[in-house]
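Novice: First, the structure itself, so that you have it in front of you.
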Amino acid sequence: MRKTRPLGLLKTTFVLMRKDLLIEWRTRARLNALVFFAMATLLLFSFALGPDTKLLERNAGGYLWLAILFASVLSLGESFRVETENACLDGVRLAPADARAIFLSKALGNALLLLALGVVLVPVMVALYGVKIVTGVGDLASILVLGSLALSAPGTVYAAISSHARARDVLLPLLLFPLVIPALLSAAKGTTLVLQGDPMQQLGSWQGLLLGFNLIYWSVGFLLFPRVIED
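Structure below.
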């Protein structure tokens, strides 16, 4: 008999992420819900503040990331629903593959969804709030990438923890929101500097804070996730 050789970490991650993205692409239910929910959030902010265009322009970066944060709860909460309902997670764990690949595939897939959501929301924000991208599209793209990764890593871990709880839809934001405050603040401040200009060269500091947040929580998630799914 031929022995089944375990797949490498990178290959397993790619296979699992491809599976998740194919499911998402065929149904598009989660992506459509994210887009409409986040757009509605941006609209509600504009309606709540009324005709005060200066206030909208000044706080546009914060409103964008609040919309992404609220929508991320829907995305992260659904990321383990298929595996939980059909007991697929146990099958994946029994496969001859590194369990940490599950974390990487889920976290990277969630980050891609949030990044795609951010790309869709930026033109809506520009149209609603009348802002301009002052420092360049590259700076905004870097903030969107780092911010999406920062929400995805701890969110994936907490989504796995809360996936078996009865009140998982309530438990996930209660666990996630306090933890991601530094990342949310950095992303909002960085986006504000991109939209309003950066005369004092502060953008690099906020990007560095986001990068440090990502290094910490991606490393922690990578190391602890096998224990999380075992428990």
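If you read the sequence shown in this note's numbering, its first letter stands for residue 108, the second for the next number, and so on.
Virtual Cβ for every residue (Gly too), placed ideally from N, Cα, C.
Everything numeric in this text was worked out from a predicted model, so none of it was measured.
(1) Going by beta carbon distance, what residues of the same chain come within less than 6 Å of Lys-110, once the five residues before and after it are set aside?
(2) Would you kindly check if the distance between the Cβ of Glu-131 and the Cβ of Leu-123 is under 8 Å?
(3) Note down the Cα distance separating Phe-154 from Val-301, rounded to an integer number of angstroms.
(4) Leaving out the 5 sequence neighbours to the left and right, which residues in its chain are closer than 8 Å to Asp-127 when beta-carbon positions are compared?
(5) Nearest CA to the CA of Thr-148: which residue from Leu-224, Pro-285 and Ala-294?
(6) Is Gly-237 helix, strand or coil by DSSP?
(7) How many Å lie between Gly-262 and Ile-288 at the Cα?
(8) What is the DSSP secondary structure of Gly-216, counted as helix, strand or coil?
(9) Measure how close the beta-carbons of Tyr-324 and Ala-267 come, nearest whole angstrom, since I'm counting them as under 8 Å.
(10) Does Ala-257 pass the burial test, meaning 16 or more other C-beta atoms within 10 Å, or should it be called exposed?
(11) In angstroms with no decimal places, state the Cα-to-Cα distance between Phe-152 and Leu-116.
(12) Whole angstroms are fine: how far does the CA of Leu-219 sit from the CA of Val-229?
(13) Need the endpoints of the alpha helix (DSSP H) that Asn-139 sits in, please.
(14) Just curious, the alpha helix (DSSP H) that Ala-274 is in, first and last residue?
(15) Output the distance between the C-alpha atoms of Arg-207 and Val-142, rounded to the nearest integer angstrom.
(16) Could you check if Met-108 is buried or exposed, using at least 16 other CB atoms within 10 Å of its CB as the buried criterion?
(17) Are the segment 156-164 and the segment 273-288 in contact at 8 Å, needing three or more beta carbon pairs?
(18) In angstroms with no decimal places, state the Cα-to-Cα distance between Thr-242 and Asp-305.
(19) In the structure shown, what three-state DSSP assignment does Pro-306 receive?
Specialist: With the given structure in hand:
(1) Locating residue 110 in the sequence shown gives position 3, where the first residue counts as 1. Confidence is the limiting factor: at Lys-110 the pLDDT is only 49, short of 50, which leaves the residue's position unreliable, though a coordinate-based value still follows. So no residue of the chain qualifies.
(2) To locate residue 123, count along the sequence shown from 1; it is residue 16. To locate residue 131, count along the sequence shown from 1; it is residue 24. Cβ distance not < 8 Å, so Leu-123 and Glu-131 don't count as in contact.
(3) As a working mapping, residue 154 is identified with position 47 in the sequence shown. As a working mapping, residue 301 is identified with position 194 in the sequence shown. Using only the alpha carbons, I get a separation of about 24 Å.
(4) Position 20 of the sequence shown, counted from the start, is the residue given in the question as residue 127. Same-chain partners within the cutoff: Ser-186, Ser-212, Lys-213 and Gly-216.
(5) The residue given as residue 148 occupies position 41 in the sequence shown. Taking only the C-alpha atoms, the option nearest Thr-148 is Leu-224.
(6) Translated into the one-based positions of the sequence shown, residue 237 becomes position 130. Gly-237 sits in coil when the DSSP states are folded into three classes, being neither helix nor strand.
(7) In the sequence shown, residue 262 corresponds to position 155, counting from 1. In the sequence shown, residue 288 corresponds to position 181, counting from 1. Here the alpha carbons of Ile-288 and Gly-262 stand approximately 13 Å from one another.
(8) Here the question's residue 216 lines up with position 109 in the sequence shown. If DSSP states are grouped into helix, strand and coil, Gly-216 belongs with the helices.
(9) Residue 324 sits at position 217 when you count from the first residue of the sequence shown. Residue 267 sits at position 160 when you count from the first residue of the sequence shown. About 14 Å separates the Cβ atoms of Tyr-324 and Ala-267, ruling out a contact at the 8 Å cut-off.
(10) Looking up residue 257 in the sequence shown gives position 150. So Ala-257 ends up on the buried side.
(11) Translated into positions along the sequence shown, residue 152 becomes position 45. Translated into positions along the sequence shown, residue 116 becomes position 9. Rounded to whole angstroms, Phe-152 to Leu-116 spans 43 Å at the Cα level.
(12) In the sequence shown, residue 229 corresponds to position 122, counting from 1. In the sequence shown, residue 219 corresponds to position 112, counting from 1. The straight-line gap separating the alpha-carbon atoms of Val-229 and Leu-219 is approximately 15 Å.
(13) Position 32 of the sequence shown, counted from the start, is the residue given in the question as residue 139. Unbroken alpha helix (DSSP H) run through Asn-139: 136-156.
(14) One-based indexing of the sequence shown puts residue 274 at position 167. Annotation for Ala-274: no alpha helix (DSSP H) segment contains it, and DSSP assigns it neither H nor E.
(15) By one-based count along the sequence shown, residue 207 stands at place 100. By one-based count along the sequence shown, residue 142 stands at place 35. Approximately 29 Å between the Cα atoms of the pair.
(16) The residue labelled residue 108 in the question sits at position 1 within the sequence shown. Note that Met-108 scores a pLDDT of 40, beneath 50, so its modelled location is shaky and nothing firm can be said.
(17) By the Cβ criterion, the segment 156-164 is not in contact with the segment 273-288, since fewer than three pairs of Cβ atoms, one from each stretch, lie closer than 8 Å.
(18) For this step, residue 242 is matched to residue 135 along the sequence shown. For this step, residue 305 is matched to residue 198 along the sequence shown. The alpha-carbon atoms of Thr-242 and Asp-305 are separated by roughly 7 Å.
(19) Here residue 306 corresponds to residue number 199 of the sequence shown, with the count starting at 1. If DSSP states are grouped into helix, strand and coil, Pro-306 belongs with coil.
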